[in-house]
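Under the numbering used here, the residues of the sequence shown are numbered 44 to 295, in order. Below is one structure, written out as structure tokens, with a few remarks after it.
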Amino acid sequence: MRKNIVAGNWKMNKTIDEGVQLVQEIKKLLSEKSNLSTQVIINPPFTHLSTLKKEISNSAIKIGAQNCSYESSGAYTGEVSVSMLKSIEIDYVIIGHSERRAYFNETDELLLKKLNLVLESGLLPIFCCGEVLSQRDSGIHFEVVRQQIENTVFKLSADKFNKVIIAYEPVWAIGTGRTATSQQAQEMHKYIRNIITEKFGASLASEISILYGGSCNAQNAKELFANPDVDGGLIGGASLKATDFVQIVSSF
Ligand code: PEP
């Protein structure tokens, strides 16, 4: 079901003590807000998931992983399977973050395997897509995003696709301090919703949450989230500071 979502991607930051402290601060600040209907998701490193799952147990915050293996079990040293995440009652998994695509050579084919495993386990994927700067500069950004989506989430059945959260993250805006303008975000989000409509119909398209990610912060979130097709954000750097993160959550 389409809802407003703000998900924090901590990446490889915070020790366990720092993570617990950050979650406690976020919980406290959120408890001071009334009428918040936004779904808040925190995606810490694997090592923190169990502890932070307990930490958020008496709140509306959900916990997600930043990645999972494309295999279900076996001799894959260093990997973490979807069933392991399921066994500690994790709700969400980020799939296809541009850093995974760029530094760990994750291809569309591999991401589709992950998506199927995640959805078959009843977890919910936050699927990332987005173009690099040279693709934006040469005007092929719509085509790039369309290809990423067609090669992955569009290969799912409608029943499975229905559960996917899409995060449009222009790579040139991630961690750079350079945000997409409100217009650039809206036009890409509308484009994504249009191609979903072509593929699965308007009713399903209207039910999909499409998040924006890329230097979204406490100052620009309100303008970005005011767009009709922007349903929230996937937040990197600004999710590491409780006041900034909660300000973003309150930006609808
Ligand atoms: C991200 O890593 O998903 C992200 C959007 O990072 P940042 O907010 O730091 O640009």
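Note that the Cβ used here is the ideal one computed from N, Cα and C, for glycine as well.
My output table needs one value for residue i: the three-state DSSP class, helix, strand or coil.
i: Tyr234; result: helix
i: Asn159; result: helix
i: Gly280; result: helix
i: Val196; result: helix
i: Phe170; result: strand
i: His300; result: Because residue 300 is not part of the residues shown, which for the chain are 44 to 295, the question remains open.
i: Leu79; result: coil
i: His184; result: helix
i: Ile69; result: helix
i: Asp62; result: At residue 62 the sequence reads Gly, which differs from the Asp that was named. It is helical.
i: Lys125; result: One point to set straight first is that residue 125 is Val, not Lys, in the sequence displayed. In the structure shown, Val125 sits in a helix (DSSP, three-state: H, G or I).
i: Thr286; result: helix
i: Arg144; result: helix
i: Phe295; result: coil
Indicate, with yes or no, if the ligand PEP has a heavy atom lying under 8 Å from the CB of residue i.
i: Cys259; result: yes
i: Leu277; result: yes
i: Ser282; result: yes
i: Ala145; result: no
i: Glu142; result: yes
i: Ile192; result: no
i: Asn52; result: yes
i: Gly218; result: yes
i: Glu212; result: yes
i: Cys171; result: yes
i: Gly139; result: no
For residue i, count the other beta carbons within 10 Å of its own beta carbon; 16 or more makes it buried, fewer makes it exposed. Which is it?
i: Tyr211; result: buried
i: Met55; result: exposed
i: Ala103; result: exposed
i: Pro213; result: buried
i: Thr219; result: exposed
i: Tyr146; result: exposed
i: Asp274; result: buried
i: Gln262; result: exposed
i: Glu149; result: buried
i: Asn110; result: buried
i: Asn47; result: buried
i: Tyr135; result: buried
i: Ala118; result: exposed
i: Pro87; result: buried
Give me the DSSP bridge partner(s) of residue i.
i: Asn52; result: Asn86
i: Gly275; result: Ile48
i: Tyr135; result: Gly107, Leu167
i: Leu254; result: Ala210
At a Cβ threshold of 9 Å, is residue i touching chain B?
i: Leu176; result: Structure shown: chain B not included; a single protein chain is present.
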